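Asker: Below: one structure in structure tokens.
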Amino acid sequence: MFSIFSDEAEPPAERRKAVISLAAITFGVLAQSIGAPSGLHSVAPLFYIAAMLPAAGTNGGERLSASADLCAMLAFASISVRNFTDGVELLAALGTIVIAAGLISAHQRTCVRLETAVAELEHQTRRFKQTFDLSPVALWEQDFTEIVEHLRAIRASGVIDLAKYARGNPSFGPECARRISTRAVNQAAVEMLGAASQHELLGGMHRFIPEDASLFIEALQALMDGRERYEGLARLRGPRGQLSTAYVAIRFPNEREGLARVIVGMIDVTERQRMLSELREAQAALTAAKRFSEMGALSATITHELSQPIAGMVMNAQTSLRWLRDKGDIRSAVGSLERLVRDARRAGEILEFTRSRLSGEGETQADDVEVESLIGEVVQIVEDELRAANVRLEVTMEHRACQIAGPRVELQQVLVNLVSNALHAVKDADAARRRIQLKASSDGRGTITFMVADCGPGIPDTVADQLFAPLFTTRPDGMGMGLSIAKKAIESRGGRISAYNRVDGAVFEFTLPAVVAIPERASQKATS
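So the mapping is simple: our numbering equals the position in the sequence shown, first residue as 1, plus 20.
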């Protein structure tokens, strides 16, 4: 039949359909043409329906219509040959053909939609399989049917906390793992666990869960609690015994969606965890190294701070011995001993202040210090060194009654360090240039400025940026801690310290806020 409506070459199956259709039409025409007494004309529409059936198919819409038209014309012709006036029989035949054609057409459309849906489903299945196989994330397709039933029974027995239950029942974790069956894995999962093939990973999960299954129990708890998803770290043991750490993500389906095909995603983070562990170890080592460094700096600080009073104590002790042994001058010896006691007390104050600072009590020792008394104490501390080096100290004070905040010992050490540095800068100069200026002044806005100036060679340009760095020194016997300590002490009190050169030497200057502003201006100049 199809060759009647198409000039194209027909395949064998199409030719067989055409032969069947033509045979059915022939029988229909013959049955329709035979008279009523035979009774065959009553089954003629069935042959016409049979003639239209081969035209049904995904691409047979036009052919079905042409086949129905042909059958209708042949029925009309066969009836007209036998008895044209039998209109009822003709209408019955035509109605049968129309109804049959409509039913076949509806069936054909249903078949087309069904085949389209099947083709789309196959396409989606192929795409899912391709995505599953080629994904860089390790994917596991697992059957959760048994484990869900097992957890439901466990919960019905009154167990709520699986971690606690597992601690009392060591076999609980492995038993649960046996009830999770892997149906398929991708290549990324094979590589993550170092398996020989995908088939090696199929079956129960108990082979890949280590003895310490606490992370696995967390996932089971999420499943039993009815959560939609679980994300967390998990430890896995490969077929060769190697351990891996993976980030696991599971979306738990409900029973309507099916528990037999649960997709579990895993990302291998073994290397990342190893690097984090090494980083923590490095940070711990760095913390220890920093602690040792701070202890070394503290030791250097204490040594630096105590060197001056200890040197003064030695000098005064030797002087006392000389006065007593060589000259028998008790009065002078007593003066030297008093200075020795003063230096000893100062050394003790330095140690006590350092101890308080280390214990966190340094802030509680802050007090208000008068500028005049502070400078007077500093002059007494350095007078022996100045006398021994034949260096003059010129002191100028403004607002003598003004007060500044801070531990007295710390402020003393700042000024003593600066004066000692100036002394070393001028001790080799001509006698006329062995001069140091110590000045305290106010800018009238509540800030006190302290200046220590010398007549030495000045600060070399090559080291100006490093002056206040810890352990930096230009003196062969220096420790490089004095200026660093001074900078830290001044800045911790809200001040600022700087250094610069002038025409005849170097100047070190720092500022501190005044506790009480003094409106009167008084100036005193002294020389020692």
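All residues carry an ideal CB built from backbone N, CA and C; glycine is no exception.
In this text, all values refer to a predicted model and were calculated from it rather than measured experimentally.
#1: DSSP three-state call for Ser155: helix, strand or coil?
#2: Considering only residues of the same chain and omitting the five flanking positions on each side of Ile167, which have a CB-CB separation below 8 Å?
#3: Tell me whether Ala549 sits in a helix, a strand or coil according to DSSP, three-state version.
#4: Are the Cβ atoms of Ile283 and Glu161 separated by less than 8 Å?
#5: Would you tell me roughly how many angstroms separate the C-alpha atoms of Arg294 and Leu263, rounded to the nearest one?
#6: Taking C-beta to C-beta, are Leu402 and Val436 nearer than 8 Å?
#7: Can you round the beta-carbon distance between Phe192 and Ala186 to whole angstroms, since I take them to be within the 8 Å contact cut?
#8: Name the residue from Gly478, Ala445, Gly178 and Gln423 whose alpha carbon lies nearest to the alpha carbon of Thr469.
#9: Per DSSP, what kind of secondary structure is Phe236 in: helix, strand or coil?
#10: Could you tell me the distance, in whole angstroms, from the CA atom of Glu248 to the CA atom of Leu306?
#11: Under 8 Å, do Ile237 and Ala266 count as touching if we go by C-beta distance?
#12: Are Pro259 and Ala208 closer than 8 Å when you measure CB to CB?
#13: Measure the C-alpha to C-alpha separation of Leu413 and Ala302 and round it to an integer number of angstroms.
#14: If you draw a straight line from the alpha carbon of Gly515 to that of Gln433, how long is it in whole angstroms?
#15: Report buried or exposed for Lys507, applying the criterion of at least 16 other Cβ atoms within 10 angstroms of its Cβ.
#16: Do you know how far the Cα of Arg255 is from the Cα of Glu231?
#17: Assuming Ala460 contacts Glu418 (C-beta within less than 8 Å), just tell me the rounded distance between them.
#18: Helix, strand or coil for Ser217? Go by DSSP, reduced to three states.
#19: Pick helix, strand or coil for Ala272, following the three-state DSSP scheme.
#20: Scan the region 338 to 410 and note each continuous beta strand (DSSP E) run of 3 residues or more that stays entirely inside, going in chain order.
#21: Shorter than 7 Å, the distance from the beta carbon of Ile229 to the closest heavy atom of the ligand MN, or not?
#22: Distance check for Asp463 and Arg366, CA to CA, integer angstroms please.
#23: I need the DSSP call for Val527, collapsed to helix, strand or coil.
#24: By a C-beta neighbour count over all protein chains shown, 10 Å radius and 16 as the cutoff for buried, is Leu458 buried or exposed?
#25: Could you check the C-alpha separation between Asp349 and Glu390 for me, to the nearest Å?
#26: Considering only the beta carbon of each residue, do Val411 and Arg454 sit closer than 8 Å?
#27: Check for me: the beta strand (DSSP E) holding Leu413 runs from which residue to which?
#28: Given that a residue counts as buried once 16 or more other Cβ atoms are within 10 Å of its Cβ, and exposed if not, what is Gly426?
#29: Just mark Asn274 as buried or exposed, buried being the case when its beta carbon has 16 or more other beta carbons within 10 Å.
#30: Looking at the unbroken beta strand (DSSP E) that takes in Arg172, where does it start and where does it end?
#31: Where does Gly193 sit, in a helix, a strand or coil, going by DSSP?
#32: Let me know if Thr202 comes out buried or exposed under the rule of 16 or more other beta-carbons within 10 Å of its beta-carbon.
#33: Would you report the Cα separation of Arg407 and Glu298, rounded to the nearest angstrom?
#34: Name the two residues that bound the continuous alpha helix (DSSP H) containing Ala442.
#35: Buried or exposed for Thr531, please, with buried defined as at least 16 other CB atoms from any protein chain shown within 10 angstroms of its CB.
#36: Looking only at its own chain, which residues have a Cβ that is under 6 Å from the Cβ of Ala509, when we skip the five neighbours before and after it?
Answerer: If we stick to the structure as given:
#1: Counting from 1 along the sequence shown, the entry for residue 155 is found at position 135. DSSP places Ser155 in coil when its eight states are reduced to three.
#2: On the sequence shown, position 147 is the one that residue 167 refers to. Closer than 8 Å at Cβ, skipping near neighbours: Cys196, Arg199, Ile200, Leu240 and Leu243.
#3: Residue 549 lies beyond the range of the chain shown here (21 to 548); nothing can be said about it.
#4: Within the sequence shown, residue 283 is the residue found at index 263, counting from 1. Within the sequence shown, residue 161 is the residue found at index 141, counting from 1. Result yes, Cβ atoms of Ile283 and Glu161 sit closer than 8 Å.
#5: Position 274 of the sequence shown holds residue 294. Position 243 of the sequence shown holds residue 263. About 12 Å.
#6: Taking the first residue of the sequence shown as position 1, residue 402 is located at position 382. Taking the first residue of the sequence shown as position 1, residue 436 is located at position 416. The sequence shown places Val at residue 402, not Leu. Cβ atoms of Val402 and Val436: closer than 8 Å.
#7: Here residue 192 corresponds to residue number 172 of the sequence shown, with the count starting at 1. Here residue 186 corresponds to residue number 166 of the sequence shown, with the count starting at 1. That belief holds up - the Cβ atoms of Phe192 and Ala186 are roughly 5 Å apart, short of 8 Å.
#8: Position 449 of the sequence shown, counting from 1, holds the residue named residue 469. Closest by alpha carbon: Gln423.
#9: Numbered from its first residue, the sequence shown carries residue 236 at position 216. Reduced to three states, the DSSP call for Phe236 is helix.
#10: As a working mapping, residue 248 is identified with position 228 in the sequence shown. As a working mapping, residue 306 is identified with position 286 in the sequence shown. Each residue's Cα considered, the two are about 43 Å apart.
#11: Along the sequence shown, read from residue 1 onward, the residue named residue 237 stands at position 217. Along the sequence shown, read from residue 1 onward, the residue named residue 266 stands at position 246. No, the pair does not count as a contact, with Cβ atoms beyond the cut-off.
#12: Here residue 259 refers to the residue found at position 239 of the sequence shown. Here residue 208 refers to the residue found at position 188 of the sequence shown. The Cβ-Cβ distance between Pro259 and Ala208 does not fall below 8 Å.
#13: Stepping through the sequence shown from its first residue, residue 413 is reached at position 393. Stepping through the sequence shown from its first residue, residue 302 is reached at position 282. About 52 Å.
#14: Here residue 515 refers to the residue found at position 495 when the sequence shown is read from its first residue. Here residue 433 refers to the residue found at position 413 when the sequence shown is read from its first residue. Counting only the Cα atoms, Gln433 lies some 16 Å from Gly515.
#15: Here the question's residue 507 lines up with position 487 in the sequence shown. The residue in question, Lys507, is buried, as its Cβ has 16 or more Cβ neighbours within 10 Å.
#16: Against the sequence shown, residue 231 aligns to sequence position 211. Against the sequence shown, residue 255 aligns to sequence position 235. Straight-line spacing of the CA atoms in Glu231 and Arg255 works out to 10 Å.
#17: Numbered from its first residue, the sequence shown carries residue 460 at position 440. Numbered from its first residue, the sequence shown carries residue 418 at position 398. That belief holds up - the Cβ atoms of Ala460 and Glu418 are roughly 7 Å apart, short of 8 Å.
#18: Here residue 217 refers to the residue found at position 197 when the sequence shown is read from its first residue. In this structure, Ser217 counts as coil in the three-state DSSP scheme.
#19: Here residue 272 refers to the residue found at position 252 of the sequence shown. Residue identity check: residue 272 is Phe in the sequence provided, not Ala. The answer is coil: DSSP assigns Phe272 none of H, G, I, E or B.
#20: Entirely contained in the region 338 to 410, the beta strand (DSSP E) runs reaching 3 residues are, in chain order, 387 to 390.
#21: This structure lacks the ligand MN, and indeed carries no ligand of any kind.
#22: Translated into positions along the sequence shown, residue 366 becomes position 346. Translated into positions along the sequence shown, residue 463 becomes position 443. Going from the Cα of Arg366 to the Cα of Asp463 covers about 31 Å.
#23: Translated into positions along the sequence shown, residue 527 becomes position 507. In the three-state scheme derived from DSSP, where H, G and I count as helix and E and B as strand, Val527 is classed as strand.
#24: Taking the first residue of the sequence shown as 1, we reach residue 458 at position 438. Leu458 is buried by the Cβ-count criterion.
#25: Counted from its first residue, the sequence shown places residue 349 at position 329. Counted from its first residue, the sequence shown places residue 390 at position 370. If I take the Cα positions, the gap works out to 36 Å.
#26: Position 391 of the sequence shown, counted from the start, is the residue given in the question as residue 411. Position 434 of the sequence shown, counted from the start, is the residue given in the question as residue 454. Yes, Cβ-Cβ distance for Val411 and Arg454 is below 8 Å.
#27: As a position in the sequence shown, residue 413 is number 393, starting the count at 1. Residue range Arg412 to Glu418 is occupied by the beta strand (DSSP E) that includes Leu413.
#28: Numbered from 1 along the sequence shown, position 406 holds the residue referred to as residue 426. With a threshold of 16 other beta carbon atoms within 10 Å, Gly426 meets it and is buried.
#29: Within the sequence shown, numbered from 1, the residue matching residue 274 stands at position 254. Label assigned to Asn274: exposed.
#30: On the sequence shown, residue 172 is found 152 positions in, with the first residue counted as 1. From DSSP, Arg172 is part of no beta strand (DSSP E) but of the alpha helix (DSSP H) over Thr165 to Ala176.
#31: As a first step, residue 193 must be located in the sequence shown, where it is residue number 173. If DSSP states are grouped into helix, strand and coil, Gly193 belongs with the helices.
#32: Residue mapping note: residue 202 aligns to position 182 of the sequence shown, counting from 1. Counting C-beta atoms within 10 angstroms of its own C-beta, Thr202 has 16 or more neighbours from the protein chains shown and is therefore classed as buried.
#33: In the sequence shown, the residue the question calls residue 407 occupies position 387. In the sequence shown, the residue the question calls residue 298 occupies position 278. Taking the straight line joining both Cα atoms gives about 59 Å.
#34: Within the sequence shown, the letter at position 422 stands for residue 442. Residues Arg428 to Val446.
#35: As a position in the sequence shown, residue 531 is number 511, starting the count at 1. Per the 10 Å Cβ criterion, buried.
#36: Walking along the sequence shown from the start, residue 509 turns up at place 489. For Ala509, where only same-chain residues beyond five positions count, the Cβ hits under 6 Å are Glu430 and Val434.
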